[in-house]
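This report refers to the structure that appears directly beneath it.
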Amino acid sequence: MNRTLASFGIAILMGVVGSASAAITYSNISVSGSVASPRTVTQGSNDIDFAFASPGGVVGDTVAPIRWGNIVITFDVLSTSGPITSDIASFLGAVLGSGVIIFNEVIEDNITGAIIASANRTINVASGLPLTVPINFTAPSTNFKVKKTFFLYAPETAGVDLAQIGLVEQRFVPTPGGVALCLAGCLVAVRRRRS
Amino acid sequence: MHRVLSIAALVACVASTAQASVFFTNISVTGPAGLIGTPGIITGTRDIDISFNGNAGLVGEPTNLFSPIMPIVITYDVASDEGPLNSATLSLLGAASGNGTVSCVTQVRTLPLPGAVIGNNAAGYNLDNPPPTFTQISFSQGAATFRVTQTITFGATNTAAVDFAQLSLVEMHFAPAPGATALLGVGGLLMFRRRR
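Those protein sequence lines, which keep their order, are chains E and D.
Be aware that the first sequence starts at 0, since it is given in numbering that gives the first Met the number 0, and climbs by one per residue.
Be aware that the second sequence starts at 0, since it is given in numbering that gives the first Met the number 0, and climbs by one per residue.
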């Protein structure tokens, strides 16, 4: 009995440790474009943030005569938390008057080369910010590349015209690999005890 | 014996997957100076990204540069150390408004030149068919060395609407030949057979 309990304990511990040490790592991070600086990049366990400070990420009246510009972001993602099946892209900023932000994203599996997700949005004063875009993958992947572009444009009018992106966040949603590992460990322990 | 062979196969497979690469050389981006600016070029293990910043890659109302305008032409040579490549995935990211259009014609030709044309593709976007645009280009035959030529044409005429065509990123990703995966499968089968 004690041995069974010990086996369960070890299996659970392995699952917890596996889940805790599993992570998403980001590499080959590239941020370019005419309004991509200054910026900061912050990496979390399941998310990555790109923050832009003026004059980065802004076009329009406040930084005139700069009325258009772009941002190009690419990075690789490697997951040891199991396959990722979706992500959530969030944008914080502001659009006023004629301001518009056109967003594109493509996610490409690094092994097969297949495009497994894509998204686009046009953000203007009617749609507003913040904006959250859930992006579902057509196939799970542990190794993929994210490519996203923003085009900002705020032509001059009599009103206040501005297009500004302050924060781009991308949160990846892994499958519950740690829990599966724990359950598998428990099942193995039970089977061994019975046999 | 089988076990040794299967382990060797697995090790070889993992090693080839880790080290195999696609190399890009003779990269060239030409076109009107105002349209190409200083393009950003980043090459990865199997992909190449070419980006345009600010006024570059932009035709239409913001820059008052309207079509007709000479296209951007991108060329580069590709060499694979993992055997013949059979396909590529093209992605175009940018923006289009009003009557703005971006079109990209891709041709893949074996080396040495003049070689044979093994891949052709036309892709693009506009307001009704917005970016991102992505497409797979299948080669008519596998090739380990070849030249890629891409001609990118911008269209935007001046109307009362907001008309522009903008291209931020052109990416080509070359998929590995399925040899490494097949080798892994063979190794797994050998181990399975040995255990049985």
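The beta-carbon is built from N, C-alpha and C at its ideal position, and this holds for glycine as well.
Bear in mind the structure is a predicted one, so any value in this text is a computation, not a measurement.
Under 7 Å between beta-carbons, which chain E residues line up against ASP48 of chain D? List them in chain order, please. In the second sequence, counting from the first residue as 1, residue 48 of chain D sits at position 49. Taking a Cβ-Cβ threshold of 7 Å, the residues of chain E close to ASP48 of chain D are THR73, in chain order.
Helix, strand or coil for LEU112 of chain D, going by three-state DSSP, please let me know. Residue mapping note: residue 112 of chain D aligns to position 113 of the second sequence, counting from 1. LEU112 of chain D falls in the coil class under three-state DSSP.
May I ask you to report which of helix, strand or coil DSSP gives GLY98 of chain E? Walking along the first sequence from the start, residue 98 of chain E turns up at place 99. Residue state, collapsed to three classes: coil.
Can you give the Cα-Cα distance for SER50 of chain D and GLY93 of chain D, rounded to whole angstroms? Locating residue 50 of chain D in the second sequence gives position 51, counting from the first residue. Locating residue 93 of chain D in the second sequence gives position 94, counting from the first residue. Cα-Cα distance, rounded: 10 Å.
Return the CA-CA distance between ASP48 of chain E and VAL116 of chain D, expressed in angstroms with no decimal places. Locating residue 48 of chain E in the first sequence gives position 49, counting from the first residue. Locating residue 116 of chain D in the second sequence gives position 117, counting from the first residue. Using only the alpha carbons, I get a separation of about 43 Å.
Any idea if ASN98 of chain D is buried or exposed, counting beta-carbon neighbours within 10 angstroms, 16 or more meaning buried? On the second sequence, residue 98 of chain D is found 99 positions in, with the first residue counted as 1. With 16 or more neighbouring CB atoms inside 10 Å of its own CB, ASN98 of chain D falls in the buried class.
Classify GLY59 of chain E as buried or exposed, calling it buried when 16 or more other Cβ atoms lie within 10 Å of its own Cβ. As a position in the first sequence, residue 59 of chain E is number 60, starting the count at 1. Buried.
Would you please state the rounded distance, in angstroms, between the beta carbons of ASN119 of chain D and GLN106 of chain D? I believe it to be under 8 Å. As a position in the second sequence, residue 119 of chain D is number 120, starting the count at 1. As a position in the second sequence, residue 106 of chain D is number 107, starting the count at 1. With a beta-carbon spacing of about 6 Å, ASN119 of chain D and GLN106 of chain D fall inside the 8 Å limit used to define contacts.
Classify GLY97 of chain D as helix, strand or coil using the three-state DSSP reduction. To locate residue 97 of chain D, count along the second sequence from 1; it is residue 98. Look at GLY97 of chain D here: in three-state DSSP terms it is coil, with no helix or strand label.
Simplified DSSP assignment, three categories, for THR141 of chain E: Numbered from 1 along the first sequence, position 142 holds the residue referred to as residue 141 of chain E. Three-state result, THR141 of chain E: coil.
For THR148 of chain E, which option in E:THR24, E:ALA35 and E:ASN27 has the closest C-alpha, if you only look at C-alpha atoms? Numbered from 1 along the first sequence, position 149 holds the residue referred to as residue 148 of chain E. Of the listed residues, the one whose Cα sits closest to THR148 of chain E is E:ALA35.
So, does the segment 110–118 of chain E touch the segment 158–178 of chain E, judging by three or more C-beta pairs under 8 Å? no
Distance cutoff 7 Å, beta carbons only. Does GLU168 of chain E sit that close to anything in chain D? Along the first sequence, one-based indexing puts residue 168 of chain E at 169. No, its Cβ sits nowhere closer than 7 Å to a Cβ of chain D.
How big is the Cα-Cα spacing for GLY98 of chain E and ALA22 of chain E? Against the first sequence, residue 98 of chain E aligns to sequence position 99. Against the first sequence, residue 22 of chain E aligns to sequence position 23. Between GLY98 of chain E and ALA22 of chain E, the C-alpha separation is close to 38 Å.
Apart from the five residues on each side of it in sequence, which residues of its chain come closer than 8 Å, Cβ to Cβ, to THR37 of chain D? As a first step, residue 37 of chain D is located in the second sequence; it is residue number 38 there, counting from the start. Result list for THR37 of chain D: ASN52 and ALA55, in chain order.
Where the segment 24–42 of chain D meets chain E: residues whose CB sits under 7 Å from a CB there: Across the segment 24–42 of chain D, CB contacts with chain E closer than 7 Å involve GLY39 and ILE41, in sequence order along the chain.
Roughly how many angstroms lie between the CA atoms of LEU166 of chain E and LEU126 of chain D, to the nearest whole one? Counting from 1 along the first sequence, the entry for residue 166 of chain E is found at position 167. Counting from 1 along the second sequence, the entry for residue 126 of chain D is found at position 127. Whole-angstrom Cα-Cα distance: 26 Å.
Interface flag, ILE47 of chain E vs chain D, CB-CB below 7 Å: As a position in the first sequence, residue 47 of chain E is number 48, starting the count at 1. Chain D, which has no Cβ nearer than 7 Å to the Cβ of ILE47 of chain E, makes this no.
By Cβ distance, which residues of its chain are closer than 6 Å to ALA121 of chain D, with the 5 residues on each side in sequence left out? The residue you call residue 121 of chain D lines up with position 122 of the second sequence. Within the same chain, Cβ atoms closer than 6 Å to the Cβ of ALA121 of chain D are found at VAL104, the five residues on either side in sequence being excluded.
Please name the residue, chosen from E:PRO64, E:THR73 and E:VAL62, that lies closest to GLY39 of chain D on a Cα-to-Cα basis. Taking the second sequence and counting its residues from 1, one reaches residue 39 of chain D at position 40. Nearest C-alpha to GLY39 of chain D: E:THR73.
Backbone secondary structure at GLY36 of chain D - three-state DSSP: Taking the first residue of the second sequence as 1, we reach residue 36 of chain D at position 37. Coil, per DSSP.
For ALA155 of chain D versus PHE65 of chain D, is the C-beta spacing smaller than 7 Å? As a position in the second sequence, residue 155 of chain D is number 156, starting the count at 1. As a position in the second sequence, residue 65 of chain D is number 66, starting the count at 1. In this structure, PHE65 of chain D lies closer than 7 Å to ALA155 of chain D by Cβ.
Neighbouring residues, chain D, relative to TYR152 of chain E (Cβ below 9 Å): Here residue 152 of chain E refers to the residue found at position 153 when the first sequence is read from its first residue. Per Cβ cutoff of 9 Å: GLU60, PRO61, ALA94, SER96, VAL161, PHE163 and GLN165.
Could you run through the segment 30–55 of chain E and flag, in chain order, every residue whose CB is less than 7 Å away from some CB of chain D? So the close ones are SER31, GLY32 and SER33.
Going by CA-CA distance only, name the one from E:GLY81, E:VAL40, E:PRO64 and E:GLY96 that's closest to ALA157 of chain E. Position 158 of the first sequence, counted from the start, is the residue given in the question as residue 157 of chain E. The candidate whose alpha carbon is nearest that of ALA157 of chain E is E:GLY96.
Would you list the residues sitting across from SER89 of chain E in a DSSP beta bridge? Position 90 of the first sequence, counted from the first residue, corresponds to residue 89 of chain E. DSSP output for SER89 of chain E lists E:THR131 and E:GLU168 as bridge partner(s).
Work out the CA separation of SER33 of chain E and PRO61 of chain D for me, nearest whole Å. Against the second sequence, residue 61 of chain D aligns to sequence position 62. Against the first sequence, residue 33 of chain E aligns to sequence position 34. Spanning the two alpha carbons is a distance of roughly 14 Å.
How would you write the range of the beta strand (DSSP E) that ASP48 of chain D sits in, first residue to last? Mapped onto the second sequence, residue 48 of chain D falls at position 49. 46–50 is the span of the beta strand (DSSP E), which, as asked, contains ASP48 of chain D.
Can you grab the Cα-Cα spacing for the pair ILE41 of chain D / GLU170 of chain D, in whole Å? Counting from 1 along the second sequence, the entry for residue 41 of chain D is found at position 42. Counting from 1 along the second sequence, the entry for residue 170 of chain D is found at position 171. The alpha-carbon atoms of ILE41 of chain D and GLU170 of chain D are separated by roughly 10 Å.
What does a CB cutoff of less than 6 Å around THR152 of chain D pick up in its chain, not counting 5 residues either side in sequence? On the second sequence, position 153 is the one that residue 152 of chain D refers to. Within the same chain, THR152 of chain D has close Cβ partners PRO70 and SER102.
Here's the rule I'm using: 16 or more other beta-carbon atoms within 10 Å means buried, otherwise exposed. How should LEU112 of chain D be labelled? Here residue 112 of chain D corresponds to residue number 113 of the second sequence, with the count starting at 1. By the 10 Å Cβ count, LEU112 of chain D comes out exposed.
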